[in-house]
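In my numbering, the protein residues as written are 2 to 129.
Shown next, in structure tokens, is the structure this report addresses.
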């Protein structure tokens, strides 16, 4: 891994389609942006934060989430997520994550990722 310091940011965005609605992902009965979809976007922002620093077979996996979904978003609205790297502990990375739609903040929390080596990680996973 290339040298990395706290304070870097990553972003991701999506326009809410039927595929991301709670009613369609099994996380509720309403036509609103699903919490699992918001979390996916937050993780994507954290991944993008580290992309330029990973080398060879390095990648990261999500290991912890503490997230609040604080406002609903309708179909068709744009949602963006931002991840700010706040702590590095060996191969563990901690991010402050937020998500916003066109009307304001919809979610916030803490997300942790761990650096792994893809081939070794998959071999261990597939040996189960």
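Note that CB positions come from ideal geometry on N, CA and C, so glycine has one too.
*Starting from residue 109, trace the beta strand (DSSP E) both ways and give me its first and last residue.*
Within the chain shown, the letter at position 108 stands for residue 109. For residue 109, the enclosing beta strand (DSSP E) begins and ends at 105 to 118.
*asked:* For residue 47, count the other beta carbons within 10 Å of its own beta carbon; 16 or more makes it buried, fewer makes it exposed. Which is it?
replied: Position 46 of the chain shown, counted from the start, is the residue given in the question as residue 47. Flag for residue 47 reads buried.
*Where residue 16 falls: helix, strand or coil (DSSP)*: By 1-based counting over the chain shown, the position of residue 16 is 15. Residue state, collapsed to three classes: strand.
_For residue 44, the nearest candidate out of 18, 11 and 34 (CA to CA)_ = In the chain shown, residue 44 corresponds to position 43, counting from 1. Comparing Cα positions, the closest option is 11.
*Might you give, ordered along the chain, the residues of its own chain that have their beta carbon closer than 7 Å to the beta carbon of residue 114, omitting 5 neighbours on each side?*
Position 113 of the chain shown, counted from the start, is the residue given in the question as residue 114. If we look at residue 114 and ignore the five residues flanking it on each side, its Cβ neighbours are 47, 61, 62, 63, 64 and 94.
*asked:* Can you check which of these residues, 53, 29 and 31, is closest to residue 6 by C-alpha distance?
replied: Counting from 1 along the chain shown, the entry for residue 6 is found at position 5. The shortest C-alpha separation from residue 6 is found at 53.
*asked:* Suppose the cutoff is 8 Å on Cβ atoms and the five residues either side in sequence are ignored; what does the same chain contact list for residue 119 look like?
replied: Walking along the chain shown from the start, residue 119 turns up at place 118. The answer, listed in chain order, is 58, 59 and 60.
*How about residue 112 and residue 122: do their beta carbons lie closer than 7 Å?*
The sequence position of residue 112 within the chain shown is 111, counting from 1. The sequence position of residue 122 within the chain shown is 121, counting from 1. The Cβ-Cβ distance between residue 112 and residue 122 does not fall below 7 Å.
*Determine the burial state of residue 108: buried for a count of at least 16 other Cβ atoms within 10 Å of its Cβ, exposed for fewer.*
Working through the chain shown from its first residue, we reach residue 108 at position 107. That one is buried.
*Assigned secondary structure, residue 90 (DSSP; H/G/I helix, E/B strand, else coil)*: Along the chain shown, one-based indexing puts residue 90 at 89. Strand.
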